[in-house]
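To start, the structure under review is shown below, and the notes come after it.
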Ligand SMILES: NC(=O)c1ccc[n+]([C@@H]2O[C@H](COP(=O)([O-])OP(=O)(O)OC[C@H]3O[C@@H](n4cnc5c(N)ncnc54)[C@H](O)[C@@H]3O)[C@@H](O)[C@H]2O)c1
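The following block contains the structure:
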């Protein structure tokens with residue numbers, strides 16, 4: 001009996017926001033499939049050390065890099081370091097993101113600017129720089145962007161964040177059209193409600209879901225459990241591999257049926 005496996009042997013991946021939670025899961029799954037991984041994050045702390053060790057346990061290389069994705073000069077230095085130390089770039093996972101719980105009527109200018117700078121500008125600038133390297137290498141590549149179910153469904157209490165994640169969907173479509181001729185596919189995933197139930201905002205703020213909100217959320221799902229980071233990471237690895245090579249410009253909701261309710 002033959003079995004098909006996801007193989008990323010010989011590939012180099014960058015995962016932004018790679019030190020914890022979803023970023024860690026993407027990095028680990030990519031490494032388990034054979035890729036070396038650059039873990040790019042604004043902070044290098046115990047979470048980063050844990051992720052580096054977990055990736056190294058798979059036998060692949062882990063390269064931690066401190067970089068603010070909203071700063072183009074830092075992104076340039078980061079990409080140069082990845083190429084120098086890992087030998088190239090084949091996969092970019094634009095995972096770094098900041099959450100916000102402001103409605104559009106209440107969001108302040110500085111919060112709007114910061115959310116857009118990380119979630120949208122950072123994603124596009126990082127893609128520009130990584131793609132330059134991919135084109136130079138001439139062997140194609142894969143970009144996977146993190147949108148969110150809030151980019152597909154109008155959730156008033158996530159106004160500013162939702163606009164940024166809807167922007168990720170259009171950026172994904174436009175980049176897919178621009179980059180197809182270089183054999184680079186560009187897709188997004190839109191996670192729903194995650195078991196980790198917390199996500200970072202500005203100034204180190206952490207948003208957590210309480211038990212009542214979790215019950216409300218579960219009642220809206222077709223599959224009655226929250227998503228696990230690995231549910232998303234599996235799709236990232238698939239899209240980055242030869243198995244997903246003909247998929248481009250798509251946003252794949254991974255949300256237990258939340259979007260179709
Ligand atoms: N957790 C969820 O339920 C969920 C749902 C939908 C979408 N998402 C998206 O998935 C991605 C990962 O989310 P998470 O839940 O793991 O959240 P998280 O807050 O744990 O991870 C985000 C990571 O991005 C990093 N980061 C933030 N600003 C940065 C910057 N300027 N430069 C570099 N790194 C920066 C953070 O340090 C953190 O490690 C985000 O884009 C988020 O919007 C998460």
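In this note's numbering, the protein residues as written are 1 to 261. We put the beta carbon where it would ideally sit given N, CA and C, even for glycine. None of these values were measured; they are calculated from a predicted model.
Here the alpha carbons of residue 4 and residue 143 stand approximately 22 Å from one another. The C-beta of residue 156 has fewer than 16 other C-beta atoms within 10 Å across all chains shown, which makes the residue exposed. Where residue 13 is concerned, the enclosing beta strand (DSSP E) starts and stops at 12-16. If you draw a straight line from the Cα of residue 240 to the Cα of residue 141, it is about 8 Å long. In this structure, 180 is the residue among 170, 215, 111 and 180 with its C-alpha nearest to the C-alpha of residue 131. Taking the Cα of residue 86 as reference, the smallest distance to any Cα among 153, 13, 148 and 68 is reached at 13. DSSP places residue 192 outside both helix and strand once states are collapsed to three, so it counts as coil. Within the chosen limit of 8 Å, ligand 1 reaches the beta carbon of residue 21 through at least one heavy atom. Going by C-alpha positions, residue 17 is about 21 Å away from residue 110. Counting C-beta atoms within 10 angstroms of its own C-beta, residue 105 has fewer than 16 neighbours from the protein chains shown and is therefore classed as exposed. Bridge pairing for residue 259: absent [DSSP].
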